[in-house]
Every structure is written in structure tokens, then in C-alpha cells.
Amino acid sequence: MRMFIVMCITTLFLAASFQVSIAKEVDGLLVYFAFEDGSGETVTDLSGNGQDGILEGDTSWIRGKYGKGLNFGGENGIVRVTHSRQFEFTEGSTICAWIRPTLERGPGEWQLIAAKGPDVDEFFEILLHPDGFIWMGWNLSEGRIVPQKSLNKIAKDKWQHVAVSFQRDEWWTVYLDGEVLINHPKQDAKLVHVESPLLLGTEEPLSLNRYYNGDMDEFALFNRGLTQKEIRKIQAGIETLLAVEPSEKLTTTWAHLKAF
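Here the sequence shown stands for residues 2 to 261, numbered as in the working numbering.
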């Protein structure tokens with residue numbers, strides 16, 4: 002009987018000694034598009050929150066920075082994500098992606114990496130100018146802020162990792178390939194969310210024609226501001242941080258087993 006109990010517990014021990022362990026770097030992850038679908042009209046959200054994106058216009062599947070990616074043709078390509086209450090955060094946010102822009106001018110002067118809400122009244126917007134600099138617009142509880150544009154320029158036809166990290170009363174920083182591109186003055190005001198879809202590749206109203214021209218991979222949205230160290234880790238691919246790892250309860254489980 003004792004041998005049977007030991008065998009049963011050993012089986013449970015082996016099964017329980019591995020569990021899905023989410024690294025702290027991806028705490029607060031709301032949307033994660035690895036673009037590994039490779040076909041169809043839907044981009045699967047791998048964050049576990051069910052925020053799948055719908056492809057519209059001149060988007061096409063390509064070889065990305067890691068595995069597959071998505072091309073935006075610059076005319077009317079969009080990834081649209083329906084609003085949900087999970088987007089109603091106020092204390093901090095990080096928006097990041099690998100991009101490979103053509104920097105070719107499209108129907109509108111600006112090109113949107115991502116935006117949520119109509120221009121001027123947006124929750125946030127991350128814009129790319131054909132001259133290569135990054136600009137933003139954010140709505141805070143003390144009013145809309147359009148920070149200084151980046152001085153260093155984005156290169157064309159090259160994969161680069163862009164990240165914008167905002168944490169209330171702590172920092173507001175734009176990173177390029179893990180290095181500080183520009184530090185904006187920190188803000189005590191809260192973020193003001195809007196019940197509009199999250200759009201990749203343009204912003205509302207669509208008549209502004211601010212369509213992104215280039216490739217994208219590894220898009221992610223967080224409800225907190227990530228540190229520089231965390232951003233450098235997710236550059237290597239967020240999916241690697243969502244791996245199955247040994248449980249920390251291994252020693253405790255073995256101690257209980259030996260007690261029989």
C-alpha cells in the first residue's frame with residue numbers, strides 16, 4: 002500500500018513540477034501580436050486576453066524579425082482591435098514593436114505605428130514621420146500633451162525596436178533598440194482612456210490618411226510603464242518570456258514525498 006501511495010505521489014510530483022511561469026517583464030501585458038498566424042484575416046492575441054486583431058486594407062503576411070510578420074502597404078492597411086474594459090487603465094503604459102519602415106511618403110504626411118482614439122482626442126498615438134522622427138500625442142487628466150519629437154532618426158528598410166514607456170509621476174521615455182531616444186518630463190496626471198478601437202497602422206478619422214508604410218513584428222501593449230531593463234529583455238521576443246519553467250515548489254514537494 003505504501004509503495005502504491007509513493008508511486009501515485011511521484012506521478013503527481015512529476016506532473017506538478019512544471020508550470021506555466023510568466024516572467025515579471027510581461028506583467029500587465031494586455032495585447033501581444035507575434036504575427037505568427039501567417040494567413041487569414043485575424044491576428045491572434047497571445048497575451049491570453051482575447052484581444053485579437055482584424056486585418057483591413059493592404060496588409061500582407063511576410064517574414065518578420067522573428068518568424069512571421071505583417072506588412073502595411075501605406076494606402077489603407079490596418080489592424081483593428083475592439084475596445085474592452087481592459088484598455089481602461091490610468092497609471093502607466095508601454096507600447097512597443099519591431100518596425101521596418103520604408104519612410105516613403107504616403108497619402109498623408111504622418112504614419113501611425115499605433116493609436117487609440119480620434120486625433121486630438123486620442124488615448125495615445127505613436128506617429129512616424131517620413132523624415133524619420135517619432136512623435137506622440139497623449140490625453141492626460143490635465144489635458145492633451147504633445148511631447149517634443151525625437152531628435153535621432155529612425156532608419157529606413159531596417160528592423161528597429163521602438164518602445165514608449167509612461168509611468169505616472171516616474172518616467173516618460175522613448176526607446177530605440179533598447180537605448181533612450183528621448184526622456185520627456187514626468188507627469189503626475191493620469192492617462193485618460195477612450196472607448197475607441199486600438200488601431201495599428203493608422204488613426205481615426207481615417208480621412209487623415211495617416212497610413213504606415215512598412216513592416217511590423219512583435220507588437221505589444223502593457224498597462225504599466227516598463228523599465229529600460231525590461232524593454233531590453235522583451236526585444237528578444239516576448240514569446241520566450243511566456244515559456245514553461247520548473248516550478249519553484251520542487252523542493253517542498255519532494256520533502257512531502259520523502260515523509261511517507
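All C-beta atoms, glycine included, are put in the ideal place defined by N, C-alpha and C.
Please read all numbers here as calculations on a predicted model, not as lab measurements.
Item, Value
"Of the listed residues Gly65, Glu76 and Gly215, nearest to Leu207 (C-alpha basis)", "Glu76"
"Counted within 10 angstroms of its Cβ, other Cβ atoms place Ala116 as buried (16 or more) or exposed", "buried"
"Beta-carbon proximity of Gln161 to Trp99, cut-off 9 Å", "yes"
"Inter-residue CB distance, Arg81 and Ile63 (contact presumed, cutoff 8 Å)", "That pair is no contact at about 19 Å."
"Alpha helix (DSSP H) segment containing Lys230, residue limits", "Gln229 to Ile235"
"For Ser208, three-class secondary structure by DSSP", "helix"
"Check whether Lys150 and Leu104 have beta carbons under 9 Å apart", "no"
"Gly74 vs Asp53 beta-carbon contact at 9 Å", "no"
"Host beta strand (DSSP E) of Ile155 (start-end)", "That residue, Ile155, is in no beta strand (DSSP E); it is neither H nor E in DSSP."
"Spatial neighbours of Asp178 in its chain, beta-carbon cut-off 7 Å, leaving aside the 5 residues before and after", "Gln161 and His162"
"Simplified DSSP assignment, three categories, for Ser18", "At Ser18 the pLDDT is 37, less than 50, meaning the model places this residue with poor confidence; the figure from the coordinates comes in the next sentence. Here Ser18 sits in coil by DSSP."
"Selection from Tyr67, Gly78 and Ser61 that minimises the alpha carbon distance to Pro108", "Gly78"
"Ordered list of beta strand (DSSP E) runs contained in the stretch 75 to 115, each at least 3 residues", "79 to 82 and 93 to 102"
"Proximity of Leu47 and Leu243 at Cβ, strictly below 9 Å", "yes"
"Strand pairing of Arg64, partner residues [DSSP]", "Lys69"
"Run of the beta strand (DSSP E) containing Glu219, from where it starts to where it stops", "Asn214 to Phe223"
"C-beta contact flag for Phe167 and Gly118 at 9 Å", "no"
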